[in-house]
Structures are given as C-alpha cells and as structure tokens.
Amino acid sequence: SAPAQASPSGGPAGAAPAAAAHVDDTGAFHSATGRVYAGRSFLCLAPANPARRVLIRLVEHPWFDRAVVLVILVNCVLLALEPERPELLARTELAFVAVFTAEAVVRVGACGFVVARGAYLRDPWNWLDFVTVVVGWVPFVLRRTDVRLTALRIVRLLRPLRTMKSIPGMAVLVQSLLLSIPKLGNVVLLSSFVFLVFGIMGVQVFAGRLHYRCADAATGAVPEATATSMCCPDGVYGEAACASARACGPGEACVFVLANPANGTNSFDSIWMALITIFQCITLEGWTDIMYMTMATASGWACLYFIVLVIVGAFFVVNLFLAVIADSLDRAVREDKLDAAARAEAQAARAAEGEAGS
C-alpha cells in the first residue's frame, strides 16, 4: 500500500520517538516517519529499491511540500497579473507545468500510481493535481493545430486549490465541510418550509401593493420607487385598509405602475417573486427598504411580518446552517486528533520493537 494518512501538518502528530526505517516480512518499507510503502511503482520499483528509497525520502522531506506551495503561490501571482502582463505567464507557463509534472512523477514513484491501496490516485487530494498536470500539457501538444483551447486554460485557475492539502488544518476544514453536506438536508427542508409559509402569507396580504406611486397630478411624472413615493389607493383597497398607510400629498395622485420596485425583483405578486423577496430580506440586504415600502402601500402593521421574518430566517434558520457546519468541524478535528494519537502510539510501538530487536 501507499503511505498511510499523515497529519494535516504533513507528518505524524505526537511526541512518539521515531522508529528506524526497515522492510518487514511482506516486503513493505516502513519509513522513519511511520509511513508504510508497499507494491511496485512504475511496475518495477519495489519498496526496497534504492531509487524508490530516494524518492520516498524526497517526498517525506518537509521542504518538498514547502517548495511546491511556493511555486503555486508564484503561479497565482502571475495568473492575477495576466490581464495586465500576459507575457509573464506566457514565458513561464512551460516551466510551471514542468515543475508540477516533476512533482507528480516523484509522488507516483514513491507511492505507486493507482493499483496498490493508498497509491497516488487513491488519494482524492491528488485527483486535482493529476488533472491540472495533464490538462496543462494539452495547449503545448496542440499548439500548432486550430483547436480552440480557451476552456482548457481555465483549468489553470484550479492550481491555487492545490495548496489546501499542504496548509496545516486545511484538509480537516474541507473534510468537515464535505461531511456536513448530508446533515444540512434537514436544515434545507426547514428553511424551505419557512420560505413557503412566509411566501404564501406575503402573497395573500401584499399581492399588488407595491405597484402604486404618488405621481405628479399635473405632469403625470412618476418618481422612483421609495418609501416616500409609495401610496395606498383608497379607491382600490378602501379607506379602512389604507388608514395606516401613506397617502399622497397635495398636487399628487396615487397611480398604478406596471413595474415593481428594484426592477421588479421586490414583489409579492406571485409565490416565486415572494420567495426572491424573502431571500433578500433573510440576507439582511435592503430589507428595511422593502419593509418601509410595504408599510407605505399596505399598513403600518406590515412591519410585524418583516420583523418576524428576519428573526426566524436571518437569526434562526441561517444560524442552523452554521451550527451544523461547526459541529462537523468539531467532529472532524476530534477524529483527526484520535487518528494522530493512534499513529503516534503505533510509531512508538514500532520504535520499541526495533530497540528490543537490536
């Protein structure tokens, strides 16, 4: 098999003494860091092969990952400068692809490619590396053809994501996010129920209300939709319904305007538009403007609808998502610590066996 999973920092955690590197009875090579290498890489390099030993020592050296991260960061800087200085990336692209290819070859030589358990492609973190390396060579191979490679060049933007497996703790964070996805299903159902209830309520009470503006009675000019330009027409909803709403001033007339506020996105005319409006309110982006416009065209009591919506949606439902993610992160950190402790104990046991055997 390929090397066992290491701690997020790139090596086994714990203060256990380092075990001596040795080859066991099955032919697997146990490195001094406690990682186990088995099988043949490149179909010919056994774990005890001196050439593979060199590749293993190179992969396990702390400066190997640091050098790769440094190259990725330099590549990110050049990608960011490409719109202004495209010639910089064009001159160095081949060098970056060559470096990433060399890194992949070294890792495959140390761990094996795909056949053995725990080989290079058995680690999902290496899938992105392999794809970026292979796609990176396509523009150079097809340079003299008429094939358009614009879409393939977008894959270069995935290179910064490769740093996640090298930054301490990043792997645990990504793992916790992935583990939280199934648990978020119940929260999604709850939030959908909240959206539906408030959407139906909004359609029943506020449908068509946001179409009315106070226009100039002489010229007919209609102002932009704001809380001070909205109105409640007595002739449509009755004086009792508009008693606590806004009335137009002298020289103005309350007229119907076809478009809803915010280019039609703020509306309760249908359940779909109501859901969009509710989503905007839950994000707390301009929800007070929607509330004041609704109060001006419907009733001052409309504020209760929006206040309850914000409390339930923004302060309760949204925080449920954060709570589930935080719980998954806490579990992932605990499991990582337990795995690190188990690896440290196993390494200590192998070190004790080596001392007893000597």
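Offset between the sequence shown (1-based) and this note's numbering: plus 1032.
Think of the CB as a built atom: it goes at the ideal place given N, C-alpha and C, for glycine as much as any other residue.
Taking Cβ positions, are residue i and residue j nearer each other than 8 Å?
i, j, result
"residue 1129", "residue 1090", "no"
"residue 1263", "residue 1245", "yes"
"residue 1070", "residue 1083", "no"
"residue 1402", "residue 1293", "With the chain represented from 1033 up to 1390, any question about residue 1402 goes unanswered, as that position is not in the structure."
"residue 1204", "residue 1196", "no"
"residue 1111", "residue 1189", "yes"
"residue 1313", "residue 1352", "no"
"residue 1162", "residue 1142", "no"
"residue 1121", "residue 1114", "yes"
"residue 1235", "residue 1303", "yes"
"residue 1187", "residue 1167", "yes"
Counting along the chain, where does the beta strand (DSSP E) carrying residue i start and finish?
i, result
"residue 1266", "That residue, residue 1266, is in no beta strand (DSSP E); its alpha helix (DSSP H) goes 1266-1269."
"residue 1311", "Careful: residue 1311 lies outside any beta strand (DSSP E), inside the alpha helix (DSSP H) at 1303-1314."
"residue 1245", "1244-1248"
"residue 1284", "1284-1288"
From this set, the options, which residue's C-alpha is nearest residue i's C-alpha?
i, options, result
"residue 1251", "1287, 1227, 1258, 1218", "1287"
"residue 1291", "1110, 1202, 1243, 1084", "1243"
"residue 1267", "1285, 1340, 1255, 1259", "1285"
"residue 1260", "1217, 1328, 1213, 1318", "1328"
"residue 1001", "1269, 1109, 1282, 1276", "No answer is possible for residue 1001: it lies beyond the span of the chain, which begins at 1033 and ends at 1390."
"residue 1363", "1384, 1273, 1256, 1208", "1208"
"residue 1237", "1219, 1335, 1222, 1253", "1335"
"residue 1123", "1075, 1373, 1172", "1172"
"residue 1256", "1187, 1222, 1119, 1321", "1321"
"residue 1368", "1078, 1201, 1152", "1201"
Whole angstroms are fine: how far does the CA of residue j sit from the CA of residue i?
i, j, result
"residue 1043", "residue 1062", "Its pLDDT being 41, under 50, residue 1043 is placed unreliably in this model, and the coordinates cannot settle the point."
"residue 1393", "residue 1278", "Since the first residue shown for the chain is 1033 and the last is 1390, residue 1393 is missing from the structure and cannot be characterised."
"residue 1045", "residue 1376", "Residue confidence is low: residue 1045 scores 39 on pLDDT, short of 50, so the model does not pin down where it sits. Its coordinate-derived value is still stated next. Taking the straight line joining both Cα atoms gives about 6 Å."
"residue 1101", "residue 1366", "27 Å"
"residue 1116", "residue 1109", "12 Å"
"residue 1040", "residue 1225", "Low confidence applies to residue 1040: its pLDDT is 36, below 50, so where it sits in the model is not reliable enough to give any reading."
"residue 1297", "residue 1131", "50 Å"
"residue 1211", "residue 1308", "29 Å"
"residue 1147", "residue 1220", "39 Å"
"residue 1144", "residue 1085", "13 Å"
"residue 1073", "residue 1080", "11 Å"
"residue 1371", "residue 1165", "31 Å"
On the DSSP letters alone, give me the boundaries of the alpha helix (DSSP H) that residue i sits inside.
i, result
"residue 1259", "Here residue 1259 belongs to no alpha helix (DSSP H), and DSSP marks it neither H nor E."
"residue 1233", "1202-1238"
"residue 1141", "1118-1143"
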